[in-house]
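Working notes, structure below.
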Amino acid sequence: MGNIINIKNINVSYGKNHVLKDVNIDIKEKDFFTFLGPSGCGKTTLLRLIAGFEQSQSGELIIDGKEVSKLNPWERDVGLVFQNYALWPHMTVAKNISFGLEEKKVPKNEIDQRVDEVLELVGMQDLKQRYPFQLSGGQQQRVALARTIVVRPKVLLLDEPLSNLDAKLRNQMRIELLELHNKLQITTIFVTHDQEEANSISDNIAIFNEGVIQQVGAPIDLYNHPKNLFVANFLGTINVIKGKISNGTFSDGNDFKLEKLKADNSDNCSLLVRPQNIYFEKKNDSDQNFKGKIQSKEFLGNIIRYQVLISGQVMTIDSMHEGKEKIYSKNEDVDVFVNPETSQVI
Ligand SMILES: Nc1ncnc2c1ncn2[C@@H]1O[C@H](COP(=O)(O)OP(=O)(O)OP(=O)(O)O)[C@@H](O)[C@H]1O
Ligand SMILES: [Mg+2]
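In terms of this note's numbering, the sequence shown is residues 416 to 761.
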């Protein structure tokens, strides 16, 4: 499938504040694509730029093969759902949804039919005569979505659409969003600062930090093969051990040596190990075994998360809680095993 959006060397500044720095992203047609990054990193700015509410100082923005930088928002065939929904309070659900079509002078009977279609898609048929204040947060969210998809944009832009909802409803709306995406097959760009949300919903993610794209890829690839420490840390807990590597053997300069790594020699690198890739067991291969001392433990339901002192450094180790496993206590000495195959050097 081809690309529907090409973002090329985009730069945006507000005065001296350089907010987007040489941003390059290609988005495939029908993708569910997410902009992920901490607050203030430029996600909304890029989304608004795509929608046409923001200007870049340099670069190109191509939607469906056409350079659109000079086009007005309504000439771009994209639909933006704002974080705060911005429903019209004095209009019913049906009117909120039909308004955009009326502006476009779509014939009345077609409007009625399309409004009913999207109401059914978002499961709001019975509430069409209600006003926004008579709806729950999740229902308002559905109306905001319906209002945008009823005009059938080529690209759907969603700015933190779930952030006003409580945890349970968020999870439910995530699933509904994905189902809607599957049904409509519409290219969607989703903005969030929540890594778990991004992982659960996206085909591909672009990770932002301070206006610079750090890495683009599928969630699992980013998690397993981060290009830098920012990406590694942003996508979940990870142990970072500083040291050097020579001929496949990493050393922290202390007692920690790990052999059989695939990486080039370096005097200044980091070994990255996820907490689930360190095990409480002793293998025969001494170069993968280490002595540790339990510092603390945290019960998280399906896992027990330990902080363990190894070679002068506290490392996080996750152990599956199956009900029969040994539970360690504070100050207990343990043998741990680090698998070089699931460790990474950067
Ligand atoms: N109209 C504006 N004028 C001046 N500075 C702005 C303007 N809009 C955004 N900024 C600044 O640009 C930077 C990026 O803002 P942006 O809204 O894109 O961040 P974000 O990644 O969406 O953050 P959040 O997760 O908090 O929504 C911030 O430093 C912000 O203060
Ligand atoms: Mg934002």
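Built from N, CA and C at the ideal position, the CB exists for glycine as well.
Taking 7 Å as the line, does the beta carbon of residue i fall inside it for any heavy atom of ligand 2?
i, result
"T602", "no"
"K657", "no"
"T607", "no"
"E737", "no"
"E469", "no"
"T459", "yes"
"E575", "yes"
What does the alpha-carbon distance come out to for the pair residue i and residue j?
i, j, result
"C456", "N524", "45 Å"
"D441", "D750", "46 Å"
"H433", "D636", "29 Å"
"Q544", "N426", "44 Å"
"Q600", "P488", "22 Å"
"P453", "G626", "10 Å"
"N624", "A501", "28 Å"
"K445", "F548", "34 Å"
"K745", "V646", "32 Å"
"D679", "D667", "16 Å"
"Q630", "I622", "6 Å"
"K708", "E747", "6 Å"
"C684", "N643", "11 Å"
"Q498", "T460", "13 Å"
"H736", "F705", "22 Å"
"I693", "S615", "24 Å"
"D479", "L435", "22 Å"
"Q470", "S484", "8 Å"
"D581", "Q587", "10 Å"
"N439", "K739", "50 Å"
"S617", "Q528", "31 Å"
"V803", "L715", "Nothing in the structure corresponds to residue 803, since the chain is present only between 416 and 761."
"G474", "E482", "10 Å"
"V566", "E535", "15 Å"
"Y743", "R585", "35 Å"
"M539", "L560", "11 Å"
Would the C-beta of residue i count as close to ligand 1, meaning under 7 Å from any of its heavy atoms?
i, result
"N432", "yes"
"G452", "yes"
"Y429", "yes"
"G553", "no"
"G474", "no"
"G663", "no"
"C684", "no"
"G455", "yes"
Looking at residue j and residue i, is the spacing between their C-beta atoms short of 8 Å?
i, j, result
"D437", "N424", "yes"
"V533", "I564", "yes"
"T607", "F447", "no"
"L451", "I465", "no"
"F665", "V760", "yes"
"V558", "V508", "yes"
"T449", "A613", "yes"
"Q703", "V729", "no"
"S803", "L673", "Since the displayed the chain opens at 416 and closes at 761, residue 803 lies outside it and no answer follows."
"R491", "G515", "no"
"S726", "N662", "no"
"F752", "E713", "no"
"S681", "K657", "no"
"L676", "P755", "yes"
"R562", "I512", "yes"
"Q610", "F649", "yes"
So, is the C-beta of residue i closer than 8 Å to a C-beta in chain B?
i, result
"G738", "In summary, chain B is missing from the structure at hand, where a single protein chain is found."
If you pair each beta-carbon of the segment 589-596 with each one of the segment 510-527, do three or more pairs fall below 8 Å?
When Cβ pairs closer than 8 Å are counted between the two stretches, the segment 589-596 is seen not to touch the segment 510-527, the count staying below three.
Using 8 Å as the threshold, is the segment 546-558 in touch with the segment 566-574, meaning 3 or more CB pairs across them?
Not touching, per the Cβ criterion.
At least three beta-carbon pairs within less than 8 Å, the segment 632-647 to the segment 715-725
With the rule of 3 Cβ pairs closer than 8 Å, the segment 632-647 does not count as touching the segment 715-725.
Identify every run of the alpha helix (DSSP H) within the segment 694-740, keeping only runs that are complete inside it and at least 4 residues long; order them along the chain.
Annotation: the segment 694-740 contains no complete segment of the alpha helix (DSSP H) (minimum length 4 residues).
Indicate whether the contact test is met: 3 or more Cβ pairs, each with one atom in the segment 643-658 and one in the segment 679-693, closer than 8 Å.
For the pair of segments examined, the segment 643-658 was found to touch the segment 679-693: the number of CB pairs separated by less than 8 Å reaches three.
With a floor of 3 residues, list each beta strand (DSSP E) that falls wholly inside the segment 549-604, ordered by position along the chain.
Considered as a whole, the segment 549-604 harbours 570-574 as its complete beta strand (DSSP E) runs of no fewer than 3 residues, in chain order.
Beta strand (DSSP E) runs contained entirely in the segment 439-517, provided each spans 3 or more residues:
Entirely contained in the segment 439-517, the beta strand (DSSP E) runs reaching 3 residues are, in chain order, 447-451, 473-478, 493-496.
As an exercise, report each continuous beta strand (DSSP E) stretch of at least 3 residues that is fully enclosed by the segment 603-659, in chain order.
Listed in chain order, the complete beta strand (DSSP E) runs (minimum 3 residues) inside the segment 603-659 are 619-624, 627-632.
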